[in-house]
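Below is one structure, written out as structure tokens, with a few remarks after it.
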Amino acid sequence: FARQVLRGLKVVVSAGPTYEDIDPVRFIGNRSSGRMGFAVAEAAAQAGAEVSLIAGPVSLPTPAGVAHRVDVRSAAQMQAAVLEAVGQAQIYIGAAAVGDYRPASVAEQKLKKQDGDGLTLKLTQNPDILVDLSAQTVRPFLVGFAAETHDVAAYAQDKLQRKGLDMIAANLVGGGLGFEAADNALSLYWPGGSIELPRAGKSELARQLIAHVAERYRAARP
Ligand code: PMT
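At position 20 of the sequence shown the residue is numbered 207 (full-length UniProt numbering), and the sequence of numbers has no breaks.
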């Protein structure tokens, strides 16, 4: 960035999937590779921010310029790490694909195959990191992501409102975009506005996203 649009600000970025253990060898996870969130962390650092990156289980090196990295596995661990980091921060960007559910109990020993027809896993809802942050009286500027397979605009705008966010970056997943892919395309929504960021590499998109986050942040908190 020619202009250090986030200079002097602390930014927390979450990235990657969460893994919810079923037993010592199995888990429930998702396809997030962490690439989008890591690109956002790098772009925020390039824009002059002091960045804390909270990473789910991914195999990516820490991007250049990122000041702190905390590796976590489950949604509960991610929430604890985000809450600790965000206490000092002005901006939180949730690019992680956080599991909405976890097994109600984690078996201490490997589950054995039973005769019969199938296995039922009981799931419990995980905390929603963004919703909990938005309920705090002193809260950072909150940017969420929304990964949708259809009706992107409607679901994203609903999440913007329901989760009390300052901005949401929506992506259509599938067809070589979104999860795991090198490219993405984002639709940004904020209260009273929106913009389309067409298909591009995740690093380029992350830089464009950060420019809009900086602009909206300055408008909201002059
Ligand atoms: O990692 P990549 O392979 O590069 O893929 C990038 C991505 C597709 C994962 C990323 O661009 C993306 O869209 N991340 C959010 C995916 C997602 O889980 O969306 P959601 O609609 O389930 O969640 C909406 C928002 O709430 C997200 O900001 C999420 O971090 C947050 N959330 C969700 C659940 C939860 N328990 N706590 C949360 O904070």
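All C-beta atoms in this analysis are idealised placements derived from N, C-alpha and C, irrespective of residue type, glycine included.
Please state whether DSSP places residue i in a helix, a strand or coil.
i, result
"Ala291", "coil"
"residue 465", "Past the edges of the chain, shown from 188 to 409, lies residue 465, and the structure says nothing about it."
"Arg220", "In the sequence under discussion, the amino acid at residue 220 is Ser, which differs from the Arg named in the question. In the structure shown, Ser220 sits in coil (DSSP, three-state: anything other than H, G, I, E or B)."
"Tyr376", "strand"
"His337", "coil"
"Ala234", "coil"
"Asp345", "helix"
"Leu306", "coil"
"Leu364", "strand"
Sort out for me which residues DSSP pairs residue i with in a bridge.
i, result
"Asn313", "Its beta-bridge partners do not exist; DSSP assigns none."
"Val330", "Ile280 and Met354"
"Val227", "Paired residue(s): none; Val227 is not in a bridge."
"Ser321", "DSSP, once it has assigned bridges, lists no residue as partnering Ser321."
"Ser201", "Ile241 and Gly281"
"Leu405", "One detail in the question is off: residue 405 reads as Arg in this sequence, not Leu. According to DSSP, which records beta bridges pairwise, Arg405 is partnered with nothing at all."
"residue 434", "What is shown of the chain runs 188 to 409, which leaves residue 434 out entirely."
"Val257", "Ile241"
"Glu383", "Ser374"
Considering only residues of the same chain and omitting the five flanking positions on each side of residue i, which have a CB-CB separation below 7 Å?
i, result
"Leu196", "Ala236, Gln277 and Ile278"
"Lys297", "Asp210, Pro211 and Val212"
"Val339", "Ala357, Leu359 and Ser374"
"Met265", "Ser201, Thr205, Ile241, Gly243, Val259, Ala283, Val285 and Ile316"
Do residue j and residue i have their beta-carbon atoms positioned less than 7 Å apart in this structure?
i, j, result
"Ala401", "Leu193", "yes"
"Ser201", "Gly281", "yes"
"Thr249", "Arg256", "yes"
Which residues in the same chain have their Cβ closer than 6 Å to the Cβ of residue i, if we skip the five residues on either side of it in sequence?
i, result
"Ala230", "Ala393, Arg394 and Ile397"
"Val253", "Ala228, Ala232, Val238 and Leu240"
Residues in its own chain within less than 8 Å of residue i by CB, not counting five upstream and five downstream?
i, result
"Phe366", "Asn217, Arg218, Ser219, Ser220, Ala284, Ala334 and Val360"
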